[in-house]
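Student:
There are 2 protein chains.
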Amino acid sequence: MTDSAPATTRRRENTRVRLMDAAAEMFAEVGIDGASVEAICERAGFTRGAFYSNFGSKEELFLALCARSAETTIAAVRARVTSIESRGLEDAGDVLQLVQEVLEATGEDRLDVLLGAETRLQALRNPGFAEAYLALNQGMGESVTQLVRDIAAARGLSLRVPADVATDLLLSVWISTSETALLTRQAPSESRSGLADRLSQVVGLILE
Amino acid sequence: MTDSAPATTRRRENTRVRLMDAAAEMFAEVGIDGASVEAICERAGFTRGAFYSNFGSKEELFLALCARSAETTIAAVRARVTSIESRGLEDAGDVLQLVQEVLEATGEDRLDVLLGAETRLQALRNPGFAEAYLALNQGMGESVTQLVRDIAAARGLSLRVPADVATDLLLSVWISTSETALLTRQAPSESRSGLADRLSQVVGLILE
DNA sequence: CGTATCGGATACAACAATGTATCCTAGACC
DNA sequence: GGTCTAGGATACATTGTTGTATCCGATACG
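Going line by line, the protein sequences match chains A and B.
My numbering numbers the first residue of the first sequence as 1056 and each following residue consecutively.
My numbering numbers the first residue of the second sequence as 1056 and each following residue consecutively.
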């Protein structure tokens, strides 16, 4: 009895997922307001009947989307963190590579960046939503901060700022660099190396 | 003959300004898509007749708004830069204070932060607009970068990263800290000191 | 097999927003 | 002061979007 829901819910769950995926793309491309319920359904291959059978409104779907995204992102970050720690912190490779490895879990491609920006903006406008948004970010930030501390301790590196400040810095640079890469429409490979460069500079500033 | 436009244009210019001001507020609060032309006009004290007499569409108004905002922001930054430089770079006060003084010209209050986020998101989505957005930011960034170089040279400070990277870092931290302050709904005074703290830490990292 | 139910499609009514075409009025100019 | 024009208001037609109420088909179950 691991699954208390009836079997019929299976199909339903599938359409929920497809609707949410479609919505994520639309929200990223044209924003929440720019995406009509109709357009979302069309992209998902459904009609609005399916939509209103599964969600009360577009906002409700957006919240569900955020919750899902939060879960997967946090899970991804934690997975990478433990993966790194399991390798043994003393000799797990280049510090910069480790940093990058973790940050990549926070979303790397065009849609992630766009959706992230849209979500942040929504949080800036909506006080209630801001709380949830902050909670997510804190949860993630704490994981990373702990990792930073662990790595520094394991290698005898001394940070020039507190670990949580370092994390904030890294995340903020990560985001702004990702966005700039998108703005300048660099080829993905270029944008990658640009990110790496910038991150290595920041890591250099923080350590030493 | 400094003004080639007829006198009647005066009233017109006034309503343009009022419409743009109203639109700026609306865009900040509910986003471009969320702001109906009707709502903008109502806030400005006009009807849509006035709107369509002055602008072809909401997007056109948005572009005009960006142009205006770009002008004033750049002007403000340049003004502060020259003001600082006229004081004599050797003893113009605390470095951190100088940094803050310049960055404050880029917008400090709630509406500026929101409008900035909205504009950036728009640039991320619209390739054409992205170009214009980047041009603005570069223009501003270059002013700041030059100032950073000058200050460093005048005081014999050595930067641990290139001046343009330092500028990017400062701007990115400035923005992300401003947004976080808004998210956590700190009192303005608190948010101020938080910004100062964060900036001083970054300045500390960059110098020394 | 037959049937009941769940899940999604269809059809419809209400509303909000847009853009335009026309009208009215305040102010410039003679 | 009379007239003409620019600037903005009003009215209207059109369209897009939303939410709901109803219908139909597939799937589980007896």
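No residue lacks a Cβ here, since even glycine has one placed at the ideal position from N, Cα and C.
If you're wondering where the values come from, they're calculated on a predicted model, not measured in any experiment.
Sort V1150/B, A1236/B, Q1155/B and D1164/B by Cα distance to L1226/B and report the nearest one.
Tutor: Start at 1 with the first residue of the second sequence, and residue 1226/B comes out as number 171. L1226/B has its Cα closest to that of Q1155/B, out of V1150/B, A1236/B, Q1155/B and D1164/B.
Student: Do A1209/B and E1263/B have their CB atoms nearer than 8 Å?
Tutor: Counted from its first residue, the second sequence places residue 1209/B at position 154. Counted from its first residue, the second sequence places residue 1263/B at position 208. Taking 8 Å as the Cβ cut-off, A1209/B and E1263/B do not qualify as a contacting pair.
Student: If you measure beta-carbon to beta-carbon, which residues of the stretch 1176 to 1202 of chain A are closer than 8 Å to chain B?
Tutor: Taking 8 Å as the Cβ-Cβ cut-off against chain B, the residues of the stretch 1176 to 1202 of chain A that qualify are L1176, A1178, L1179, R1180, P1182, A1185, Y1188 and L1189.
Student: According to DSSP, is T1070/B part of a helix, a strand, or is it coil?
Tutor: Along the second sequence, read from residue 1 onward, the residue named residue 1070/B stands at position 15. The answer is helix: DSSP assigns T1070/B an H, G or I state.
Student: What are the start and end residues of the alpha helix (DSSP H) that includes V1203/B?
Tutor: Here residue 1203/B corresponds to residue number 148 of the second sequence, with the count starting at 1. Per DSSP, V1203/B belongs to the alpha helix (DSSP H) from P1182 to R1210.
Student: Consult DSSP for R1242/A and reduce its assignment to one of helix, strand or coil.
Tutor: Here residue 1242/A is taken as the residue at index 187 of the first sequence, counted from 1. The residue you asked about is not Arg; residue 1242/A is Ala in the sequence shown. Note: A1242/A maps to coil in three-state DSSP.
Student: Could you have a look at F1082/B and say whether DSSP puts it in helix, strand or coil?
Tutor: Position 27 of the second sequence, counted from the start, is the residue given in the question as residue 1082/B. It is helical.
Student: Any contact between the stretch 1135 to 1142 of chain A and the stretch 1186 to 1202 of chain A? By contact I mean 3 or more CB pairs, one from each, below 8 Å.
Tutor: The stretch 1135 to 1142 of chain A, when compared against the stretch 1186 to 1202 of chain A, does touch it at the 8 Å Cβ threshold.
Student: Report the CB separation of L1118/A from L1074/A in whole angstroms; it is logged as a contact under 8 Å.
Tutor: One-based indexing of the first sequence puts residue 1118/A at position 63. One-based indexing of the first sequence puts residue 1074/A at position 19. Not really, about 13 Å apart at Cβ, beyond 8 Å.
Student: From V1203/B to T1222/B, what does the alpha carbon distance come to, in whole angstroms?
Tutor: Residue 1203/B sits at position 148 when you count from the first residue of the second sequence. Residue 1222/B sits at position 167 when you count from the first residue of the second sequence. Approximately 8 Å, taken between the alpha carbons.
Student: If the criterion is Cβ atoms closer than 8 Å, does the pair L1260/B and I1261/A meet it?
Tutor: On the second sequence, residue 1260/B is found 205 positions in, with the first residue counted as 1. On the first sequence, residue 1261/A is found 206 positions in, with the first residue counted as 1. Their beta carbons are under 8 Å apart, which means L1260/B touches I1261/A by this criterion.
Student: Could you tell me whether the Cβ of S1246/B comes closer than 8 Å to any Cβ of chain A?
Tutor: Along the second sequence, one-based indexing puts residue 1246/B at 191. False, the Cβ-Cβ gap to chain A never drops below 8 Å.
Student: Could you give the DSSP three-state label for S1044/B: helix, strand or coil?
Tutor: Within the shown structure, residues of chain B are numbered from 1056 to 1263, placing residue 1044/B beyond reach of any answer.
Student: Report the option in F1106/A, L1158/A and D1076/A whose CA atom is closest to the CA atom of L1224/A.
Tutor: Taking the first residue of the first sequence as position 1, residue 1224/A is located at position 169. Per the Cα distances, L1158/A.
Student: What do you get for N1069/A, buried or exposed, if any count of 16 or more other CB atoms within 10 angstroms of its CB means buried?
Tutor: For the purposes of this step, residue 1069/A is identified with residue 14 of the first sequence, where counting begins at 1. With fewer than 16 Cβ atoms within 10 Å of its Cβ, N1069/A is classed as exposed.
Student: Check this for me: beta carbons of F1184/B and A1190/B, under 8 Å apart or not?
Tutor: Position 129 of the second sequence holds residue 1184/B. Position 135 of the second sequence holds residue 1190/B. Not in contact: F1184/B and A1190/B (Cβ atoms no closer than 8 Å).
Student: Would you please verify whether the beta carbon of T1239/A is less than 8 Å from any beta carbon of chain B?
Tutor: By 1-based counting over the first sequence, the position of residue 1239/A is 184. Chain B contact via Cβ: present.
Student: By Cβ distance below 6 Å, which residues in the same chain neighbour D1058/A in space, the five residues on each side in sequence not counted?
Tutor: Taking the first sequence and counting its residues from 1, the one referred to as residue 1058/A is at position 3. Reliability of the predicted coordinates at D1058/A is poor, the pLDDT of 42 falling under 50, and the value obtained from them is presented with this limitation in mind. Around D1058/A: no qualifying Cβ.
Student: Locate the alpha helix (DSSP H) running through E1114/B, then write down its first and last residues.
Tutor: Position 59 of the second sequence, counting from 1, holds the residue named residue 1114/B. Its alpha helix (DSSP H) spans residues K1113 to S1141.
Student: So the alpha helix (DSSP H) A1094/A belongs to, where does it begin and stop?
Tutor: For this step, residue 1094/A is matched to residue 39 along the first sequence. Segment V1092 to A1099, the alpha helix (DSSP H) holding A1094/A.
Student: Within 8 Å (strictly less), CB to CB, does V1220/B reach chain A?
Tutor: Looking up residue 1220/B in the second sequence gives position 165. Yes - at least one Cβ of chain A is within 8 Å of the one on V1220/B.
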